[in-house]
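Position 62 (the sequence shown) corresponds to 62 in the UniProt record's numbering; numbering is contiguous. Where is the CB? At the ideal position from N, CA and C, for every residue including glycine. Below is one structure; the comments refer to it alone.
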Amino acid sequence: MINLNDIEMSKLIRIFGNSAQTIVLENLLRNRGEFTYLSGIAEETGLSHSSVARVMEPLVENNIIIEKKLGKQIRTFSMNEENPVAKLIIKFYDELMALPKEKI
Numbered sequence: 001m002i003n004l005n006d007i008e009m010s011k012l013i014r015i016f017g018n019s020a021q022t023i024v025l026e027n028l029l030r031n032r033g034e035f036t037y038l039s040g041i042a043e044e045t046g047l048s049h050s051s052v053a054r055v056m057e058p059l060v061e062n063n064i065i066i067e068k069k070l071g072k073q074i075r076t077f078s079m080n081e082e083n084p085v086a087k088l089i090i091k092f093y094d095e096l097m098a099l100p101k102e103k104i
C-alpha cells in the first residue's frame with residue numbers, strides 16, 4: 001500500500017485515506033480507457049491479488065468497472081466511462097487533480 005509518509009501522496013488518498021479501495025480506484029482512474037489485468041493492478045499498487053479481487057467485486061456489481069474475462073482465469077478491468085456514477089467519479093477525480101496541491 002502507499003506509504004502515508006510519502007511526500008507525493010496522492011490527493012485522493014489524502015482525502016479518503018490509504019485504503020485498498022482508494023488505491024485500486026485511483027489506479028483504474030489513472031489507466032482509464034485501457035483494460036488492466038488483475039495481477040497488473042496488484043503489482044502496480046503493491047496490494048495482494050486477493051485484496052484487489054475483493055475491492056473489484058462491488059465496483060463490477062455496480063457497473064462502475066467493466067470486467068472482461070480472457071479465457072477461464074484471466075480477468076481484466078477498466079473504468080466504465082458510460083456509467084453515470086463512474087462519470088461522476090471521473091469528473092471529481094479530474095477536478096481534484098487540477099487543484100493546486102496546497103488547496104487540499
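Would you call residue i buried or exposed, if buried means 16 or more other Cβ atoms sit within 10 Å of its Cβ?
i      : result
Val-85 : exposed
Leu-70 : exposed
Phe-92 : exposed
Hey, out of the options, whose CA is closest to residue i's CA?
i      : options                        : result
Arg-32 : Thr-45, Leu-96, Lys-11, Ile-66 : Ile-66
Asn-27 : Ile-15, Asn-18, Glu-44         : Glu-44
Arg-75 : Ser-10, Ile-41, Pro-58         : Ile-41
Going by the CB atoms, is the gap between residue j and residue i shorter than 8 angstroms?
i      : j      : result
Ile-90 : Glu-81 : yes
Val-60 : Val-24 : no
Looking at the structure shown, is residue i part of a helix, part of a strand, or coil, going by DSSP?
i      : result
Arg-32 : coil
Ile-64 : coil
Leu-12 : helix
Taking 7 angstroms as the cut-off, is the CB of residue i close to at least one heavy atom of the ligand NAD?
i      : result
Thr-76 : Inclusion of the ligand NAD in the displayed structure is not the case, the ligand content being empty and no account of it being possible.
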